[in-house]
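Q:
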Amino acid sequence: MDFSRDFIALACRKGVLRFGSFITKAGRQSPYFFNAGLFDDGASFRELCGFYAHAIEASGLACDMLFGPAYKGIPLVAGTAIRLAERGRSLPFAFNRKEAKDHGEGGTLIGAPLAGRVLILDDVISAGTSVRESVNIIHAAGAEPAGVVIALDRMERGSGSLSAVQEVRQQYGIPVIAVATLEDLIAYLADSPQLAANLEAVMAYRERYGTAASR
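In our numbering, each residue carries its 1-based index in the sequence shown increased by 30.
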């Protein structure tokens with residue numbers, strides 16, 4: 031998809047996506063590193079949220095509102111709600127705080143009441159902890175998780191034969207929408223003279239740790 035390619039180009043320009051030798055949380059030596067926290071200025075973050083809005087619309091997934099898990103999901107959910115509203119679709123949104131307050135509005139939830147089909151927005155899925163907490167919060171409110179939207183699906187195995195994204199799909203029976211996948215990244219590298227030198231290492235990593243296509 032064009033927006034997946036444009037997203038990868040933005041991530042490379044901003045240094046969000048870097049190439050070299052990096053150690054992942056799982057202790058694997060990876061030829062690339064993705065850090066969505068480096069979308070750290072107004073222009074690039076606006077573009078990022080626009081790509082989330084694109085991905086949501088392209089998926090055709092039905093949802094009634096958006097939810098952003100603390101902490102990375104908080105700016106994402108607010109920014110994506112704005113970008114969707116600019117495209118003519120105004121959705122309520124909410125997010126949680128890690129610590130409950132006993133004054134003011136109290137509780138751990140801020141924003142619109144959780145109701146109906148709730149779409150979860152996060153940057154990536156690694157261990158799936160954030161998704162599990164979000165699903166529990168949504169169920170506790172009497173609402174239903176509609177799916178999860180993330181920036182990049184690394185498409186690599188977790189502790190078993192499935193990727194973290196596939197585990198979420200299997201465990202909760204909800205779709206996971208990625209703005210871009212490792213397949214999109216490989217296609218982008220193959221067409222990019224400046225970055226093509228990294229293609230072989232990324233493909234070798236995919237061969238060693240990758241899962242089958244998941245979308």
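Even glycine gets a Cβ: it sits at the ideal position worked out from N, Cα and C.
#1: Considering only residues of the same chain and omitting the five flanking positions on each side of Gly45, which have a CB-CB separation below 7 Å?
#2: Which complete alpha helix (DSSP H) runs does the stretch 67–132 hold, if anything under 4 residues is left out?
#3: Determine the direct distance from the alpha carbon of Ala124 to that of Pro143, and round the result to whole angstroms.
#4: So, does the stretch 76–89 touch the stretch 108–120, judging by three or more C-beta pairs under 8 Å?
#5: Which residue comes first and which comes last in the alpha helix (DSSP H) that contains Thr159?
#6: State buried or exposed for Arg127, treating a residue as buried only when at least 16 other CB atoms are found within 10 Å of its CB.
#7: Are the stretch 216–223 and the stretch 187–205 touching by the rule of at least three beta carbon pairs closer than 8 Å?
#8: Below 8 Å, how does it come out for the stretch 114–123 and the stretch 40–58: are there three or more Cβ pairs, yes or no?
#9: Since Ala208 is in the beta strand (DSSP E), which residue starts that stretch and which ends it?
#10: If you count every other CB in all the chains shown that lies within 10 Å of the CB of Asp70, and 16 or more means buried, which is it?
#11: The alpha helix (DSSP H) with Gln200 in it runs from where to where?
#12: What does the Cβ neighbour count give for His84, buried or exposed, with the cut at 16 atoms within 10 Å?
#13: Skipping 5 residues on each side, what residues in its chain have a beta carbon closer than 6 Å to that of Glu174?
A: Concretely, from the data shown:
#1: So the qualifying residues of the chain are Leu68.
#2: Correct list: 72–89 and 103–116.
#3: When rounded, the distance between both Cα atoms is 7 Å.
#4: Yes, the stretch 76–89 is in contact with the stretch 108–120.
#5: Taken as a continuous stretch (DSSP letters only), the alpha helix (DSSP H) holding Thr159 covers Thr159 to Ala170.
#6: Around the CB of Arg127, fewer than 16 other CB atoms lie within 10 Å, so the residue is classed as exposed.
#7: At 8 Å Cβ cutoff, the stretches do not touch.
#8: Verdict: no, contact absent.
#9: Its beta strand (DSSP E) spans residues Val206 to Thr211.
#10: Exposed: under 16 other Cβ atoms inside 10 Å.
#11: For Gln200, the uninterrupted alpha helix (DSSP H) run begins and ends at Ala194 to Tyr202, by DSSP.
#12: Burial call: buried.
#13: Taken in chain order, the residues that qualify are Arg147.
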